[in-house]
DNA sequence: GCGTGTGAACATATTCACAGCT
DNA sequence: AGCTGTGAATATGTTCACACGC
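Residue numbers (our numbering), protein chains in the order written: chain A, 82 to 337; chain B, 82 to 337.
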């Protein structure tokens, strides 16, 4: 590619703002890079090499460079990337230049914690409304927000311009809530309930299931145990794996 | 493959229990199938087709069949899978036949919720110990467990035979906690802190970052908005996408 | 005939390795 | 000399489509 088309820079009003369609795997990593960049900026770096950023983000540098190249790439050969510029670039692509409103439905055990989670506010989101179906919980104040009844969702979604709905209800209630969110015009849902949601085309659902994460770890534990139970040659302990390229002390890859 | 080697069935003590090494993508979906199967069993199904199970788990049937074929496969042609048998099979492979002990470190906002999360207990795990570094929080009782000081971790890890450590501390404390977990012999870690952990080879880390999930959704929102802003031909609204194969009302795939 | 199991085709993602700019 | 950007090679994952057993 000899001609760089930088997709509409943040402040700029000109030209085509159309987003390049990034590979999903890349999209999933951009937030990781962003976090690492903020950390580096705080530590005083104005510039960072792909190697340095890759380490901070826990990936390898080739992958990082390829990911960034999809954004149109702002690196300087022989030098590296301008930290501040890259932050702007990634925040723009991720649509974080506007502070998106988040509605949280289901103020139980988990919902309570999410309502108070500072990481949402500090990373581009505004928890704008809390809902629950249980009248006993309606009216409670958390972090300056009053819990409303879920039936008020449609009105509130418009008033607070909700962009993302978070479902933290029990599984049995989740589909109903999803339907309500969709009816209220929400097209992005983060689902913590352990169930599959049906939504119309055009609505994005991501799922976080805490028990599933443990079960995946359990598999690997089981696997490790079954391997040590069959000592290939020696007595106790492992044989060092040949060809292990991971830098020592680096986060193990356990697929995501 | 003309010869089926069924990897050591649950009750069986004979033969090679060595686990087949499943593709990571498959491992990540098995818990999903397991959940769906439990649901189907509860609904009274004794048998289920790949199509039916796939729908319940939110995947397509070809993928499901290929995944299950890696387990040695227990389906009957013309009929489907025996639900109870498949549950046993998957639980065995995931190492859920033993109730693994989980230690939770960091009893703040999120940690509190995790400590009380019923989904862990109901899906094969035993939250066996709670830790925090803050003396003010030590001694508190949650769900029948007393919060201990994190320095007691090594002793408790052995006593309670902890298999998995869950980190729910602020990012700044997470690496230290990870080191302590590793020193205590824990080889599987689920990290909720927004940072990269360095661990020695052989230790598995999985990460859950709630803000990242929102940021990924934000990207897709941004993208959808930028597409509607450039109406290809007509005025308002979407042109139906040609080639859309997803069954109507089915969960949208937003890569994981 | 029905529905699993699977090879082959396709799609996506990762890694290598190096040309070319600073 | 150093480091990015990227084609080519590899690896992993998904989907198709159909032979084969029930």
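Using N, Cα and C, we set each Cβ at its ideal position, and we do this for glycine too. Predicted, not measured: the structure shown is a model, and the values here were computed from it.
Chain-ordered chain B contacts of residue i [CB-CB under 9 Å]
i              : result
residue 234(A) : By Cβ distance, chain B contributes nothing, its closest Cβ being about 18 Å from residue 234(A), past 9 Å.
residue 100(A) : 300, 303, 304, 307, 308
Member of the options whose CA lies at the smallest distance from the CA of residue i
i              : options                        : result
residue 140(A) : 248(A), 110(A), 119(A)         : 110(A)
residue 172(B) : 307(A), 305(A), 203(A), 300(A) : 300(A)
residue 176(A) : 309(B), 310(B), 298(B)         : 298(B)
residue 203(A) : 307(A), 144(A), 180(A), 129(A) : 180(A)
residue 195(B) : 220(B), 224(B), 205(B), 243(B) : 224(B)
residue 279(A) : 291(A), 295(A), 258(A)         : 258(A)
residue 132(B) : 244(B), 159(B), 192(B)         : 159(B)
residue 147(A) : 107(A), 167(A), 276(A)         : 107(A)
residue 201(A) : 112(A), 105(A), 291(A)         : 112(A)
residue 120(B) : 226(A), 191(A), 304(A), 276(A) : 276(A)
residue 244(A) : 262(A), 124(A), 198(A)         : 262(A)
residue 198(A) : 250(B), 236(B), 198(B), 178(B) : 250(B)
residue 282(B) : 260(B), 192(B), 226(B), 222(B) : 260(B)
residue 215(B) : 186(B), 296(B), 191(B), 289(B) : 186(B)
residue 222(A) : 241(A), 242(A), 246(A), 193(A) : 193(A)
residue 290(B) : 191(B), 220(B), 310(B)         : 191(B)
residue 288(B) : 310(B), 252(B), 304(B), 305(B) : 252(B)
residue 125(A) : 163(A), 149(A), 156(A), 105(A) : 163(A)
Sub-7 Å separation of residue i and residue j beta-carbons
i              : j              : result
residue 239(A) : residue 212(A) : no
residue 268(B) : residue 286(B) : no
residue 248(B) : residue 210(B) : no
residue 145(A) : residue 117(A) : no
residue 234(B) : residue 254(B) : no
residue 114(B) : residue 138(B) : yes
residue 271(A) : residue 302(B) : no
residue 182(B) : residue 207(B) : yes
residue 307(A) : residue 308(B) : no
residue 236(A) : residue 228(A) : no
Heavy atom of the ligand NAP within 6 Å of residue i beta-carbon
i              : result
residue 202(B) : Absent from the structure shown: the ligand NAP. Ligands present: none.
Interface partners of residue i on chain A, CB under 8 Å
i              : result
residue 119(B) : Residues of chain A passing the Cβ test: none, with the nearest at roughly 10 Å.
residue 296(B) : 111, 112, 115, 175, 177, 204, 205
residue 146(B) : Correct list: empty, because the minimum Cβ distance to chain A is about 18 Å.
residue 183(B) : 295
Local conformation of residue i per DSSP, three classes
i              : result
residue 315(B) : Residue confidence for residue 315(B) is low, a pLDDT of 39 falling below 50, so the modelled location carries little weight and cannot support an answer.
residue 321(B) : Residue placement at residue 321(B) is flagged as unreliable, the pLDDT there being 34, under the threshold of 50; a coordinate-derived value is accordingly withheld.
residue 232(A) : helix
residue 107(B) : helix
residue 273(B) : coil
residue 128(A) : strand
residue 290(B) : coil
residue 157(B) : strand
residue 204(B) : coil
residue 101(A) : coil
residue 81(A)  : Past the boundaries of the shown model lies residue 81(A); chain A is included only from 82 to 337, so the question cannot be answered.
residue 115(A) : helix
residue 302(A) : helix
residue 226(B) : strand
residue 210(A) : strand
residue 133(A) : helix
residue 164(A) : helix
residue 143(A) : helix
residue 188(A) : coil
Cβ distance (whole Å) where residue i is taken to contact residue j below 8 Å
i              : j              : result
residue 165(A) : residue 122(A) : 7 Å
residue 161(A) : residue 128(A) : 5 Å
residue 168(A) : residue 152(A) : About 12 Å separates the two Cβ atoms, so there is no contact after all.
residue 170(A) : residue 205(B) : Wrong, their Cβ atoms sit about 43 Å apart, outside the cutoff.
Contact set between residue i and chain B, taken where Cβ atoms lie within less than 7 Å
i              : result
residue 191(A) : 194, 198
residue 139(A) : 277
residue 244(A) : 302
residue 108(A) : 297, 300
Neighbour list for residue i in chain A, Cβ cutoff strictly below 9 Å
i              : result
residue 221(B) : Those do not exist, as residue 221(B) stays about 15 Å from chain A at its closest Cβ, beyond 9 Å.
residue 201(B) : 291, 292, 295
residue 309(B) : The contacting residues do not exist; residue 309(B) stays about 10 Å from chain A at best.
Within chain A, the residues that residue i reaches when beta carbons sit closer than 7 Å
i              : result
residue 217(B) : None at all; the shortest Cβ gap to chain A is about 17 Å.
residue 269(B) : 298, 301, 302
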